[in-house]
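Asker: 345 is the number of the first residue of the sequence shown in our numbering; add one for each residue after it.
Encoded as structure tokens, here's the structure I'll be asking about.
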Amino acid sequence: MRASRSINAYAFLAFPLTILFVFTLLPTIAGLGLSVFQWGGGGGASFVGLANFRALAADEKFPPALWNTLVFVLATVPLTTVAAFLLAVLVHARWFVGKTAIRTLFFLPTVVSIVAIGFVWRWLLDSDAGPVTALARGIGWSHPPNWLQDGSWPMVAIIAVSVWRGVGFCLVLYLAALGQISESLYEAAEIDGASRGGILRHITWPQVAPMTVFLLVTGVIGALQVFDIVYVMTGQTGETNTTNVLNLYLYRQFTYGQYGYAAAIAVVIFALTLIATLGQLRFLRAKGGAA
345 MRASRSINAY
355 AFLAFPLTIL
365 FVFTLLPTIA
375 GLGLSVFQWG
385 GGGGASFVGL
395 ANFRALAADE
405 KFPPALWNTL
415 VFVLATVPLT
425 TVAAFLLAVL
435 VHARWFVGKT
445 AIRTLFFLPT
455 VVSIVAIGFV
465 WRWLLDSDAG
475 PVTALARGIG
485 WSHPPNWLQD
495 GSWPMVAIIA
505 VSVWRGVGFC
515 LVLYLAALGQ
525 ISESLYEAAE
535 IDGASRGGIL
545 RHITWPQVAP
555 MTVFLLVTGV
565 IGALQVFDIV
575 YVMTGQTGET
585 NTTNVLNLYL
595 YRQFTYGQYG
605 YAAAIAVVIF
615 ALTLIATLGQ
625 LRFLRAKGGA
635 A
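Have a look at this one:
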């Protein structure tokens, strides 16, 4: 009986594991291997060893792309997580009315195509006829900047849109986590005379810590791979050091036929993702163990 159950389990897992192997593991291994070759898509590939990585280290466009990616990660992930937590606490409060409507309203951007969102915000932030520019002029800002081209404004706009889009997803998960907290903990804290801030800090926040870990880890992984929102909002106008991120840089090298070089950039992204994930898990595990 036990043997037949094991066979059924393996048969059930065979299809998803095959899909994972063919469409995830194999391309990853192929990309890692391609990074040590020079290949333009036609003919044979030439083995160049670490030449692609040396060229990447000397490329003046690489440091801004790396910096912009790290800035995006460090700005969007904490902002999204903290904002979602505070909103979830507010919506979860006993006195709050319209919980379903608010939850749905915040979650809607999550299910809308990121490309559609990017085009809408590109129109909203248009320097000539965009509503945001018109609003800025209406409140007395005579010469508002070009939100998607001037200075650091493009990255600020991309970060703001990304946080706005991601808050709803985190909010729903936090609400699910808050629903699992025993009311007896709050009642005991109120009897002891704890303030609302104290309850939030010493009861609510620790109780949702597993969800916070999940959101931070997955958020960093997703943010390191940012591409679509940057490309749609600003990337099509050309390469600029203010908005170039690693995945956009990779995409442009791919379109130039520099497949080995693009694979080297992909290896850097993979390494950053692995280091960030393992680092977060180790830090959070050590902190939890110390607590």
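Where is the CB? At the ideal position from N, CA and C, for every residue including glycine.
On a predicted model such as this, the values are computed, not experimentally measured, just so you know.
Just the C-alpha distance for residue 476 and residue 508, rounded to the nearest angstrom, thanks.
Answerer: 16 angstroms
Asker: What are the uninterrupted segments assigned as alpha helix (DSSP H) that are 4 or more residues long and contained completely in the stretch 452-497, given in chain order?
Answerer: 458-468 and 475-482
Asker: Please report how far the alpha carbon of residue 374 lies from the alpha carbon of residue 604, in whole angstroms.
Answerer: 11 angstroms
Asker: Taking residue 541 as part of the alpha helix (DSSP H), name the residues at either end of that continuous run.
Answerer: 540-543
Asker: Alpha carbon to alpha carbon, what distance is there between residue 609 and residue 369?
Answerer: 18 angstroms
Asker: Tell me the DSSP secondary structure of residue 382 in three-state form.
Answerer: strand
Asker: Which stretch, first to last residue, makes up the alpha helix (DSSP H) that contains residue 430?
Answerer: 406-436
Asker: What is the rounded straight-line gap between the Cα of residue 395 and the Cα of residue 381?
Answerer: 9 angstroms
Asker: Might you give, ordered along the chain, the residues of its own chain that have their beta carbon closer than 8 angstroms to the beta carbon of residue 589, omitting 5 neighbours on each side?
Answerer: 409, 412, 413, 416, 570, 571 and 574
Asker: When the Cβ atoms of the stretch 506-523 are set against those of the stretch 431-450, are three or more pairs found closer than 8 angstroms?
Answerer: yes
Asker: Return the CA-CA distance between residue 633 and residue 548, expressed in angstroms with no decimal places.
Answerer: Its pLDDT being 43, under 50, residue 633 is placed unreliably in this model, and the coordinates cannot settle the point.
Asker: Could you check which residue in 418, 612 and 623 has the C-alpha nearest to that of residue 401?
Answerer: 612
Asker: Once you ignore the five residues that flank residue 497 on each side, which residues in its own chain have a CB closer than 6 angstroms to its CB?
Answerer: The residues are 489 and 491.
Asker: One question on the structure: do residue 543 and residue 533 come within less than 8 angstroms of each other, judged by their Cβ atoms?
Answerer: yes
Asker: Take the Cβ of residue 467 as the centre, count every other Cβ of all protein chains shown within 10 Å, and call the residue buried at 16 or more, exposed below.
Answerer: exposed
Asker: Which one of 545, 621 and 616 has the shortest CA to CA distance from residue 558?
Answerer: Here the closest residue by C-alpha is 621.
Asker: Look up residue 390 in the DSSP assignment and give the residues it is bridged to.
Answerer: 382
Asker: What is the rounded straight-line gap between the Cα of residue 483 and the Cα of residue 363?
Answerer: So the two alpha carbons sit approximately 54 angstroms from each other.
Asker: Helix, strand or coil: which one does DSSP assign to residue 591?
Answerer: In the structure shown, residue 591 adopts helical secondary structure according to DSSP, grouped into three states.
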